[in-house]
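The structure appears right after this line, and notes come after that.
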Ligand SMILES: [Zn+2]
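In the working numbering, the protein residues as written are 12 to 292.
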């Protein structure tokens, strides 16, 4: 009787303990599912500019069916905005999603995500000064990532190249891979290679370009491949090349985007009125 009573109490105690553990587990699952929280809605002109940045870079040939542009959240530095997995020229406002710096979506709503979104999360974490990031596979940049010839500033629009454009060699950090930045570890390795520079080439893959604003990063993303093309053309001519002097580059960069607003207006109007964009809706 006593032993039955004891067994009954033990059984109830065990059931109670299991219930507590189950409740805690469920709570943690719910917490994991509901995190990260949103930093709040973003003003529609900012979203419109992020959509425009995608369309501009597609229109300018910097992004093809791949590559992406992100913007740090205006109210929370630990969040960023990036499209769902979609070709940049087709992106609309409703495609823009919010992520935390671990690159978890706030609310995926069943949408597929860019495999290489970790590029963005890890660079925003490492570089508080960076407000916008572009990842491109622009072909003109590839020769400088696979050869020993460094990119140097040859053109006043690309004066930022004078700060140095390092090359990220993924083999040094991860051995043989499929070359994609598939997780936080590889994202951190790329952020390390970027350091404090405005861009880094990714050997045999493309580049990552950063900036203090969306307009600046779009401008840099257009002029970096153009600088690469011009440098290769000058090299093909033979003989010595006169690069921008570091002092010239500094004076150009001091002009805060060298009147980029005028070009932005024209790029945006052209990209947003292209038939490809409207056909995608
Ligand atoms: Zn890529």
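For glycine and all other residues, C-beta sits at the position ideal for the given N, C-alpha and C. Remember, it's a predicted structure, so these values are computed and weren't measured experimentally.
Checklist entry - Roughly how many angstroms lie between the CA atoms of residue 284 and residue 144, to the nearest whole one? => result 24 Å
Checklist entry - Can you tell which of 262, 230, 78 and 235 has its C-alpha closest to the C-alpha of residue 163? => result 235
Next on the checklist: I'd like to confirm something about residue 105: is its beta-carbon nearer than 6 Å to some heavy atom of ligand 1, or not?
Outcome noted: no
Checklist entry - Name the DSSP beta bridge partners of residue 108, please? => result 93
Next on the checklist: In the DSSP assignment, the alpha helix (DSSP H) including residue 246 goes from what residue to what residue?
Outcome noted: 225 to 248
Checklist entry - Is residue 281 helix, strand or coil when you go by DSSP? => result helix
Next on the checklist: So, for residue 141: in the same chain, excluding its five sequence neighbours on each side, which residues have a beta-carbon less than 8 Å away from its beta-carbon?
Outcome noted: 83, 134, 135, 221, 222 and 223
Checklist entry - With 16 as the cutoff for other CB atoms within 10 Å, does residue 160 come out buried or exposed? => result exposed
Checklist entry - Quick one: what's got a C-beta closer than 6 Å to residue 104's C-beta in the same chain, skipping five residues either side? => result 58 and 62
Checklist entry - Which residue from 242, 249, 226 and 77 puts its Cα closest to that of residue 277? => result 226
Checklist entry - Can we say the region 238 to 246 touches the region 145 to 160, given the rule of at least three CB pairs closer than 8 Å? => result yes
Item to check | Boundaries of the alpha helix (DSSP H) in which residue 131 is found, first to last residue | outcome: 129 to 137
Next on the checklist: DSSP has residue 83 in a bridge; who is on the other side?
Outcome noted: 91
Checklist entry - Who are the near neighbours of residue 128 in its chain, counting only those whose CB is closer than 7 Å to its CB and skipping five residues on each side? => result 93, 110 and 114
Item to check | Under 7 Å between C-beta atoms of residue 80 and residue 64 | outcome: yes
Item to check | Member of 250, 132, 231 and 46 whose CA lies at the smallest distance from the CA of residue 199 | outcome: 132
Checklist entry - Grouping DSSP H, G and I as helix and E and B as strand, with all else coil, what is residue 147? => result strand
Checklist entry - Can you tell me whether DSSP reads residue 50 as helix, strand or coil? => result coil
Item to check | Nearest-angstrom Cα separation, counted from residue 279 out to residue 178 | outcome: 30 Å
Checklist entry - Roughly how many whole angstroms lie between the Cα atoms of residue 97 and residue 250? => result 44 Å
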